[in-house]
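Student: Chains V and R are the protein sequences, given in the same order.
Using our numbering, you'd call the opening residue of the first sequence number 1 and step up by one each time.
Using our numbering, you'd call the opening residue of the second sequence number 1001 and step up by one each time.
Cβ coordinates follow ideal geometry from the N, Cα and C atoms, glycine included.
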Amino acid sequence: MTDTLLEVTDLKTHFFTERGVVRAVDGISFDVRPGEIVGLVGESGAGKSVATTSIMRLVDDPGQIVSGEIEFAGSTIVGFDEADGELVPREEMLSNADMRRQIRGNEIAIIFQDPMESLNPVYSVGAQVREFIELNRDLSGGEATEEAIEMLRRVGIPEAEDRYDEYPHQFSGGMRQRVLIAMALGCRPRLIIADEPTTALDVTVEGQILELVRDLQAEFDTSFVWVTHDMGVVAELCDRVNVMYLGKIVEQGPIDDIFYNTKHPYTEALLSSIPRPDRTVAELDPIEGTMPSARNPPRGCRFHPRCPDAREACTRIDPEFYDVSDGAGVQYSACIKHADVGYWDSEPFDGQRLEQPP
Amino acid sequence: MSSTIDHLEDVALGDTLLEARGVTKYFTSDSGMLAGLFGAQDVEAVDDVSFELLKGETFALVGESGCGKSTLARTILQLIEPTSGSIRFKGLELTETSNRQLRPVRRDMQIILQDPQASLNPRMKVGQIIEEPMKAHSLYGRADRRERAKELLDLVELDRSYYNRYPHEFSGGQRQRINLARAMSTDPDLIVCDEPVSALDVSVQAQILNTMRELQAEFGFTYLIISHDLSVVRYIADRVAVMYLGHIVELASKEALFEHTKHPYTSALLEAIPIPDPRSRDTRQPLEGDVPSPIDPPSGCRFRTRCPELIQPAGWALTEQEWDAVRSFVRGVKRRSFTLDETPGSDTSHTPSAVETAVDDAYFPEGRPSRVDDIVREACALIADDEWDEAKAVIESRIVEESICAQERPRYTVSTREDVPEANHFVGCHLYRDGAKDVSPARDGGTHRGRGGNALE
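Below is the structure:
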């Protein structure tokens, strides 16, 4: 209880559209401990961003958190009770006003991919950082100004005092992203959710930001949920990783195990499909096909139509999260290879690679 | 009527298909109403760049946003008219050919753009889209075009039945395949691919890259790939040119560039890429600062303002440690990153000697090298009066601009393998001025042949 900051259990967020229900997030569980950087990695459409907006309770219509629990440092962000066969929000669940006043900004801050959309173009950068700090911490105007300048300097804005009065358009993309980090950290939150914050940046700028985040994280001991599609960024930054595919977490574990002791065919396929900057790869192994729609996900294991290891059983059995720990930490995989439910006796499809049971 | 296309030479695999020499493109901002008031400023997007493309190879232009790679590629295709320079395609000088005469030549060079959504007309069926270039160049009859479009769908691994579908029914990867089929339809020699996979998910990227390779092996296409992603380049390219602020700073075969990196910018770029391997995490020194404006780019080597290896002025004879200290001092003043004992926001000025003490403590604990003693004193006096900009100017003119890096544009070739003379490696960095062949003269500016690569083997 004590060493978990954020705990997400069986969260489901669905979108009720005219063309059917989109199960964008369909039963995911993960946790974040204090001072930890946890990765949420997957391709577009995996449900990463919906998961994070659910944590902030910022899911837009027609989306709705339909079930599950989110606990943050003793407060209930999402919780349900069953009454007459229906799920109703539990009493201790934070109200919208509580979320706004207590959680967003000062307990959990979020950084988005496009800094231009998060900054107001008609206010100076400094004023926006100061306002954010003023709202979320008990500081007077003057103190907040000083703190804002200090934070801008800390995130590496040169001549912070002079640039305090400049406007967002006068900053480069990397500098704007630094401003957002300054804003987020300035409020001393316990958790920062970073949603692809470096994806739109050039690689040298991305390098600068990752370095900065690592330094600041060590200093402030802030926890991070880092959302990305880039396995390189994950390897560089994260302590633990959750790999998402089509609304589910398929594998979860310590960073080293995810890369070196991979237990889910999707993670494996993802890793062998990426070109490497550090060595020349003769032939990449792409994942066949494309990710199906979350409106009508495949039955059984959602990855089975593209999985090189799929067998007949995979089309029937909806995999649970199996404990596959044998490395340094706790590792889970949602693949029925790791359970005694008949995978090894089941018929492989034509042309599939044939693996022997362990 | 003789068409220009009759004058094109046939090029064998491995021979020069396209040769760009001294290509320069300045954009002028003098067209606006206010330009007269403020004076026209040129944006030096591409400045005196030379390279050649060999038939059947994959040549990559890499660099960060704003480095001029897309402008260069568009200039090569004559979609933008160059300010100066020569572009020869199959022996024809494109810059001296009128648009009308150029038209038939265009079927030999096609382009694929980054955004597969935006580059397909949503109102046209896939078949029409693929047939359009053939129609524009009056190739084949109606029925043959139709048959060819279906064959092309086969080749890019799409179903023939997609012929009658609309682009919106397809995923990003499939759309990029349609683009590929369209580009191939006129059987071109050169296909320029501007960030062909950067809008796609990683698993789909690999599918497209593999298809592109297979098609090249079969039809001998020459690809000019523009990309910011060095991982993709390492997978698909035979030769690579790295651009920074309108200049090519390094050009070599892929192996030489990645394994024997020469230019400090290329090294910084390579070091910055996050490697998908948690066991190779290390503390790297990220590149400082931002790319300067192309309106008034730095003199000499354009990377020198951020370069960790700025060369000391000739005749200074400082030890490495001394020069390191001077360089940190230069950086400190430029970024105002050293703080004097003061409360932020207050305007208390300092005595010059207090500033000197602070500077000595921060940068010259071993004592100031006598060569820079008076320069440091002068800068400190200005800083004491809060005249930071003047202090920067003093440092710029008396230290930085004395360096060869600020005085001459570096262009050298070094041979990485003595036994293979064409394995030359072009480096735009003065660190390689000794023992290298200077290729500065504008007529011979940095064109090098590397090995043709997999399509030739």
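Give the C-beta separation of ILE258(V) and VAL233(V) to the nearest angstrom, bearing in mind that I take them to be a contact with Cβ-Cβ under 8 Å.
Tutor: Rounded, the Cβ-Cβ distance is 13 Å, inconsistent with contact.
Student: At the 9 Å Cβ level, is MET1(V) part of the contact set with chain R, yes or no?
Tutor: Because MET1(V) sits at a pLDDT of 44, beneath the cut-off of 50, its placement in the model cannot be relied upon, and the following sentence gives the value as read from the coordinates. For MET1(V), the answer is no, since every Cβ of chain R falls outside 9 Å of its Cβ.
Student: At a CB distance below 8 Å, what residues from the region 182-200 of chain V approach chain R? Give them in sequence order.
Tutor: Flagged: no residues at all.
Student: In chain order, what residues of the same chain lie with their CB nearer than 7 Å to the CB of PHE80(V), ignoring the 5 residues before and after it?
Tutor: Excluding residues within five positions, the ones whose Cβ falls inside 7 Å are SER67, LEU87, VAL88, PRO89 and ARG90.
Student: Less than 9 Å between the C-beta atoms of ARG1368(R) and VAL1355(R), yes or no?
Tutor: Cβ atoms of ARG1368(R) and VAL1355(R): not closer than 9 Å.
Student: Any idea if GLY16(V) is buried or exposed, counting beta-carbon neighbours within 10 angstroms, 16 or more meaning buried?
Tutor: For the sequence presented, residue 16(V) should be read as Phe rather than Gly. PHE16(V) is exposed by the Cβ-count criterion.
Student: List the whole-angstrom C-beta distance separating PRO115(V) from GLY173(V), where the pair is believed to meet the contact cut-off of C-beta under 8 Å.
Tutor: Between GLY173(V) and PRO115(V) the Cβ distance is about 7 Å, and since that is below 8 Å, they are a contact.
Student: Do we get a CB-CB distance below 9 Å when we pair ASP1296(R) with the residues of chain V?
Tutor: Output row for ASP1296(R): interface = no.
Student: Is VAL1333(R) helix, strand or coil when you go by DSSP?
Tutor: VAL1333(R) falls in the helix class under three-state DSSP.
Student: Grab the span of the alpha helix (DSSP H) containing ASN947(R) for me, first residue to last.
Tutor: Here chain R has residues from 1001 to 1457 only, and residue 947(R) is not among them.
Student: Report back the beta-carbon spacing between GLY35(V) and SER223(V) to the nearest angstrom; my notes put them in contact at under 8 Å.
Tutor: Yes, GLY35(V) and SER223(V) are in contact; Cβ-Cβ is about 6 Å, under 8 Å.
Student: Apart from the five residues just before and just after ARG154(V), which ones in its own chain have a Cβ nearer than 8 Å to its Cβ?
Tutor: These residues qualify, in order along the chain: ALA182, LEU185 and LEU216.
Student: Between ILE103(V), GLY85(V) and ASP84(V), which has its C-alpha nearest VAL78(V)'s C-alpha?
Tutor: Closest option to VAL78(V), Cα to Cα, is ILE103(V).
Student: Taking only beta-carbon positions, decide if GLY1246(R) is within less than 9 Å of chain V.
Tutor: No, no contact with chain V.
Student: Is the number of C-beta pairs between the region 1122-1141 of chain R and the region 1200-1213 of chain R that are closer than 8 Å three or more?
Tutor: With the cut-off at 8 Å, the region 1122-1141 of chain R and the region 1200-1213 of chain R do not touch.
Student: Along chain V, which residues have their Cβ under 7 Å away from the Cβ of GLN1207(R)?
Tutor: Result: PRO286.
Student: Would you report the Cα separation of ILE1311(R) and GLU1387(R), rounded to the nearest angstrom?
Tutor: Taking the straight line joining both Cα atoms gives about 27 Å.
Student: Within 9 Å (strictly less), CB to CB, does HIS229(V) reach chain R?
Tutor: Yes, HIS229(V) counts as interfacial toward chain R.
Student: For VAL254(V), which option in PRO308(V), GLY300(V) and GLY329(V) has the closest C-alpha, if you only look at C-alpha atoms?
Tutor: Strictly speaking, residue 254(V) in this sequence is Pro, with Val absent from that position. Residue GLY329(V) is the option with its Cα nearest to PRO254(V).
Student: Pull up the CB-CB distance for GLY141(V) and ASP165(V), whole angstroms please, since I reckon it's below 8 Å.
Tutor: Rounded, the Cβ-Cβ distance is 15 Å, inconsistent with contact.
Student: Please report the distance separating the alpha-carbon of ASP256(V) from that of ALA1199(R).
Tutor: So the alpha carbons of these two residues sit roughly 28 Å apart.
Student: State the Cα-Cα distance for the pair GLU1342(R) and HIS1350(R), rounded to the nearest angstrom.
Tutor: Confidence in GLU1342(R) is poor, its pLDDT being 49 and thus under 50, which makes the residue's placement too unreliable to answer from.
Student: So with Cβ pairs under 9 Å, would you call SER273(V) a contact of chain R?
Tutor: At least one chain R Cβ lies under 9 Å of SER273(V).
Student: Taking contact to mean at least 3 C-beta pairs separated by less than 8 Å, is the region 1163-1182 of chain R in contact with the region 1114-1121 of chain R?
Tutor: Taking 8 Å as the limit for Cβ pairs, the verdict is that the region 1114-1121 of chain R does touch the region 1163-1182 of chain R.
Student: If we count Cβ pairs, one from each stretch, closer than 8 Å, do we get three or more for the region 1037-1057 of chain R versus the region 1010-1018 of chain R?
Tutor: Contact between the region 1037-1057 of chain R and the region 1010-1018 of chain R is present, because at least three Cβ pairs lie under 8 Å.
Student: Could you spell out the range, first to last residue, of the alpha helix (DSSP H) harbouring GLY141(V)?
Tutor: 141-154 is the span of the alpha helix (DSSP H), which, as asked, contains GLY141(V).
Student: What separation, rounded to the nearest whole angstrom, lies between the Cα atoms of SER1397(R) and GLU147(V)?
Tutor: So the alpha carbons of these two residues sit roughly 36 Å apart.
Student: Kindly confirm or deny that the region 1293-1305 of chain R and the region 1239-1256 of chain R touch, where touching means at least three C-beta pairs closer than 8 Å.
Tutor: A contact exists between the region 1293-1305 of chain R and the region 1239-1256 of chain R.
Student: Distance check for LYS248(V) and TYR332(V), CA to CA, integer angstroms please.
Tutor: Cα to Cα, the separation comes out at about 13 Å.
Student: Taking only three categories from DSSP, how would you classify ARG311(V)?
Tutor: In the structure shown, ARG311(V) sits in a strand (DSSP, three-state: E or B).
Student: Please identify, using Cβ separations under 7 Å, the residues of the region 1210-1242 of chain R that lie next to chain V, in order along the chain.
Tutor: Answer set for the region 1210-1242 of chain R: ASN1210, HIS1228, LEU1230, SER1231, VAL1232, ARG1234 and TYR1235.
Student: Cα separation between GLU1019(R) and VAL1427(R)?
Tutor: Going from the Cα of GLU1019(R) to the Cα of VAL1427(R) covers about 19 Å.
Student: Extract the residue ranges of the beta strand (DSSP E) inside the region 1200-1269 of chain R, only unbroken runs of 3 or more that lie entirely within it.
Tutor: Taking only runs of at least 3 residues, the beta strand (DSSP E) segments lying wholly in the region 1200-1269 of chain R are 1222-1227, 1239-1244 and 1247-1253.
Student: Would you say ALA1143(R) reaches chain V, if we count a Cβ-Cβ gap shorter than 9 Å as a contact?
Tutor: Closer than 9 Å: no.
Student: Using a Cβ-Cβ cutoff of less than 7 Å, which residues in the same chain neighbour GLY42(V) once the five nearest sequence positions on both sides are dropped?
Tutor: So the list reads LYS48, HIS229, VAL243, MET244 and TYR245, once near-sequence residues are dropped.
Student: Under 9 Å Cβ-Cβ, which residues of chain R neighbour ASP256(V)?
Tutor: Correct list: PRO1278 and ARG1279.
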